[in-house]
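Just so you know, we're using our numbering here: the sequence shown kicks off at 72 and counts up by one. Data first, discussion second: the structure below is written as structure tokens.
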Amino acid sequence: NMATTGSNNTLVAPPVSGRQLADRVREIRKQGIVTAGIPFVSTSEDDRIQTALPGYFLQNSLPNEQSLELHSARPAYPLPEIASGPAASYTSIFVESDISKKIRSVPLFTEANGLLIPTLAMQLYLRVNNMRLSDVTFTKEKKLSIAGSTLMTDQLLQVWPYFYPSNANNRHAVEVVSYHDVLHEAISIDRLSGKIILLGVTARGLAQAVSTPADISVPAVMVVAETLASMLDNKIISSPAWASIVSAVLLILVTILLLWLPGQDMKARVIVTTVVVLILLGIEALFLLDVSIWLNMYPPVLLLLSGFLVTWLMGGVHKQAGKPTAVSGEVHRRVGLASQKRGELDAAFESFRKCPLDNSIMVMLFYLAQDFEASGRFDRAVAVYQYMDSFNPHFKDLQGKLEKARMMEDTVMIDESKISPAVSTAITSLNPTEENESDCDDQKVLGRYLVQQEIGKGAMGMVYQGTDPKINRTVAIKTLNLKREFDEDEQENVLGRFFHEAEAAGRLHHPHIVTIYDAGEHNELAYIAMEFLTGSDLRVYTKKGTLLPPLTVVKIGMKLAGALFYAHSKDIVHRDIKAANVMYDPSTGQLKITDFGIARLTDSRRTKTGMVLGTPSSMSPEQLRGKKLDGRTDLYSLGVLMFQLLTGRLPYKADSLTQLMYKITNEPPPDLFALRPDLKENGDCIREILDKLLQKEADDRYQDGKKLARDLLACAKKMVGKK
Numbered sequence: 072n073m074a075t076t077g078s079n080n081t082l083v084a085p086p087v088s089g090r091q092l093a094d095r096v097r098e099i100r101k102q103g104i105v106t107a108g109i110p111f112v113s114t115s116e117d118d119r120i121q122t123a124l125p126g127y128f129l130q131n132s133l134p135n136e137q138s139l140e141l142h143s144a145r146p147a148y149p150l151p152e153i154a155s156g157p158a159a160s161y162t163s164i165f166v167e168s169d170i171s172k173k174i175r176s177v178p179l180f181t182e183a184n185g186l187l188i189p190t191l192a193m194q195l196y197l198r199v200n201n202m203r204l205s206d207v208t209f210t211k212e213k214k215l216s217i218a219g220s221t222l223m224t225d226q227l228l229q230v231w232p233y234f235y236p237s238n239a240n241n242r243h244a245v246e247v248v249s250y251h252d253v254l255h256e257a258i259s260i261d262r263l264s265g266k267i268i269l270l271g272v273t274a275r276g277l278a279q280a281v282s283t284p285a286d287i288s289v290p291a292v293m294v295v296a297e298t299l300a301s302m303l304d305n306k307i308i309s310s311p312a313w314a315s316i317v318s319a320v321l322l323i324l325v326t327i328l329l330l331w332l333p334g335q336d337m338k339a340r341v342i343v344t345t346v347v348v349l350i351l352l353g354i355e356a357l358f359l360l361d362v363s364i365w366l367n368m369y370p371p372v373l374l375l376l377s378g379f380l381v382t383w384l385m386g387g388v389h390k391q392a393g394k395p396t397a398v399s400g401e402v403h404r405r406v407g408l409a410s411q412k413r414g415e416l417d418a419a420f421e422s423f424r425k426c427p428l429d430n431s432i433m434v435m436l437f438y439l440a441q442d443f444e445a446s447g448r449f450d451r452a453v454a455v456y457q458y459m460d461s462f463n464p465h466f467k468d469l470q471g472k473l474e475k476a477r478m479m480e481d482t483v484m485i486d487e488s489k490i491s492p493a494v495s496t497a498i499t500s501l502n503p504t505e506e507n508e509s510d511c512d513d514q515k516v517l518g519r520y521l522v523q524q525e526i527g528k529g530a531m532g533m534v535y536q537g538t539d540p541k542i543n544r545t546v547a548i549k550t551l552n553l554k555r556e557f558d559e560d561e562q563e564n565v566l567g568r569f570f571h572e573a574e575a576a577g578r579l580h581h582p583h584i585v586t587i588y589d590a591g592e593h594n595e596l597a598y599i600a601m602e603f604l605t606g607s608d609l610r611v612y613t614k615k616g617t618l619l620p621p622l623t624v625v626k627i628g629m630k631l632a633g634a635l636f637y638a639h640s641k642d643i644v645h646r647d648i649k650a651a652n653v654m655y656d657p658s659t660g661q662l663k664i665t666d667f668g669i670a671r672l673t674d675s676r677r678t679k680t681g682m683v684l685g686t687p688s689s690m691s692p693e694q695l696r697g698k699k700l701d702g703r704t705d706l707y708s709l710g711v712l713m714f715q716l717l718t719g720r721l722p723y724k725a726d727s728l729t730q731l732m733y734k735i736t737n738e739p740p741p742d743l744f745a746l747r748p749d750l751k752e753n754g755d756c757i758r759e760i761l762d763k764l765l766q767k768e769a770d771d772r773y774q775d776g777k778k779l780a781r782d783l784l785a786c787a788k789k790m791v792g793k794k
């Protein structure tokens, strides 16, 4: 059989009769325009046969001077038995499939006994272009260069040809002509004129069949033919360096997409996944067919499909796991009824929501909503009715009940977007007097103060901006919801302690301690009116990118140390020095410690809601151990604050409260210079001060803020070059 390509280069003599073809072939071989392909097989370093190749291979090969790592090969069988007789050139026939059992790339050179032997496609390409093997060179990048032109190959000197698929009648893109038909003049030999002729076995069952991306089974000689055709037509597929970058970027984008997918419904997931997969495969096909560039889209496509499958499976698992069973529903129903009987309506609602929603549970929810209404909690009644509405909007008089509850909610709750519901029940309208009727009409008040807007939120209440109408002074009002935060039997005791601590803090008059004007209680809501401050708390300056200069941090520490020394001299310990409790205005330099008194009231105890108050990350070891505290615990917390302002992180971090407490009480703090190498030049004094402040034992720390302030002042002078 003969396979012919579509090239116009003539490698055969003028047309002759079939009977004269054998004689003509012998003449052609004598003329030196025939290339004989010798089958080679792949070898490894271990099984390579180190036998000298015949001399006619030496003149048809190149020395491997650059130690190129190519496919190692050897002749498939002894050469003298098949290679006798003259020939223009000898070369290797070598094809090898990849891991998917397909031929995707074809080597142009193989390595045998230290020689680079061109494959049949390479040798024919040189002959068609009137070039010799000596015209082939290798660049420093180990690329193939022919007469100064670089051929698109990979690191193994392989080309990725464009394989042409067979048509419906199993006709190959390269014409196949029977050798028998030519000899017996069954076809005109004119069909071979001006063609490159490859002689090889193509009959099924006899030919070495291989698989390509275009065909499941093609003869090996056809691979050589299509490789040569691709090289001559300049249809070599390449994968430039930037293609791998594109693939990596697409992997990242697909990963981001997979993080977004679980939050969508199944229909959206299917549509998005399908569209993205089609787009990726379309881009790959477009580049491959249009510009012969291969963008490997399989990794992002496989990642996307795998991620979609995982989210689909996990969604089904979660759906089944979250679906209440009959047994668990009965348990939650009984727990809900018991909670409702004890008056724990919120707990009852949570239990009923875990039950399979049916008419019996709807009845229980209906009565629960009425209990909420009876207790004046119309907002919770609305929530219950809305939950019922999602299951059966026509249940009894549900819509009427829902509308009525909404009306009552709007009537009872003060419509003030800046005031929280917890505080609004305690804020009443002033009965206008002749003196303040024009100023206070339609205003919301707490005690004698007009509430203007919410400006912050603390651990146990809200902070509002207000006005003292008697002297027209702007104040900050901090609230403490006694009913919500404390058990009923201890509310009276807490209120007494609250006023006692507020009175003690009100006696503090220091430029770096916020001034307290007044304290009171109204409708179980305790409040403190204090100096209104501009700026923000120091939390703003504890993030990397917004850190203050080290010298500024030292000056802040010096001022805070002085303020703490003053408070400690009055036998008042703050107990919760942290960034959130220090206000700072860089435009004016104003620096104030807040929450004196509140910290002592809430320190190291558990509220009614079960929340442990205080800031463990800033607490001293003795405070965590529950020991009696003095001013040295505040100095430890000040050290934590300065460390945080300098590094943008707390000294100790852990995954649980237990681990955090263990680290604070047992492990040394991180090295300051390891986190801030720029402080090594003139920050020795800062590290020494922080090391002393963060000692585990109070006796090993600074004993008062006065000595600390002096050392910080000396450190600041040293940092600016003063003695």
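For every residue, glycine included, the Cβ atom is placed at its ideal position computed from N, Cα and C.
Residue i and residue j closer than 8 Å at C-beta
| i | j | result |
| --- | --- | --- |
| Pro371 | Leu351 | yes |
| Leu408 | Phe420 | no |
| Ser431 | His403 | no |
| Ala650 | Leu743 | no |
| Leu551 | Ala597 | yes |
| Ala785 | Arg703 | no |
| Ile648 | Leu709 | yes |
| Ile188 | Phe180 | yes |
| Arg477 | Val453 | yes |
| Pro740 | Pro722 | yes |
| Ala314 | Asn367 | yes |
| Ala547 | Ala573 | no |
| Tyr773 | Leu764 | yes |
| Phe667 | Ala576 | yes |
| Thr273 | Leu332 | no |
| Val325 | Leu375 | yes |
| Gly378 | Leu321 | no |
| Leu517 | Leu618 | no |
Identified DSSP bridge partners for residue i
| i | result |
| --- | --- |
| Thr550 | Tyr598 |
| Asp656 | Gln661 |
| Leu49 | Residue numbering for the chain in the displayed model covers 72 to 794; residue 49 lies beyond these limits and cannot be assessed. |
| Ser176 | According to DSSP, Ser176 bridges with nothing at all. |
| Glu592 | Ala597 |
| Arg448 | Answer is none; Arg448 lacks a bridge partner. |
| Lys515 | Val522 |
| Phe209 | Leu215 |
| Lys528 | Met533 |
Residue i classed as buried or exposed, judged by whether at least 16 other C-beta atoms fall within 10 angstroms
| i | result |
| --- | --- |
| Ile327 | exposed |
| Val230 | buried |
| Gln524 | exposed |
| Pro85 | The pLDDT assigned to Pro85 is 36, lower than 50, so where the model puts this residue is not dependable; a value taken from the coordinates is nonetheless given after this. Exposed, by the Cβ-count rule. |
| Lys467 | exposed |
| Pro621 | buried |
| Glu182 | buried |
| Tyr655 | buried |
| Ile664 | buried |
| Gly660 | exposed |
| His465 | exposed |
| Pro134 | exposed |
Near the ligand ADP: residue i beta-carbon under 7 Å from a heavy atom
| i | result |
| --- | --- |
| Lys777 | With respect to small molecules bound, the structure shown includes none, and the ligand ADP cannot be examined in it. |
Flag this pair as touching only if the stretch 704-723 and the stretch 637-653 have three or more C-beta atom pairs under 8 Å; answer yes or no.
yes
Kindly provide the ranges of any beta strand (DSSP E) runs that are 3 or more residues long and lie completely inside the stretch 266-310, ordered along the chain.
268-270
Quick one: complete alpha helix (DSSP H) runs, 4+ long, within the stretch 596-645?
621-640
Would you check if the stretch 691-701 and the stretch 732-739 touch, i.e. whether three or more CB-CB distances between them fall below 8 Å?
yes
For the stretch 401-425, list the alpha helix (DSSP H) runs that are entirely contained and at least 4 residues long, ordered along the chain.
416-424
Does the count of Cβ pairs from the stretch 291-309 and the stretch 272-282 closer than 8 Å reach three?
yes
So does the stretch 298-308 actually touch the stretch 190-199, counting three or more Cβ pairs closer than 8 Å?
yes
For the pair the stretch 331-349 and the stretch 243-257, tell me if three or more CB-CB distances fall below 8 Å.
no
3 or more residues per run - each beta strand (DSSP E) lying fully within the stretch 355-383
none
Could you say if the stretch 604-624 and the stretch 571-582 meet the contact criterion of at least three C-beta pairs nearer than 8 Å?
no
Complete alpha helix (DSSP H) runs within the stretch 727-782 (minimum length 4 residues, chain order)
728-737, 743-746 and 755-764
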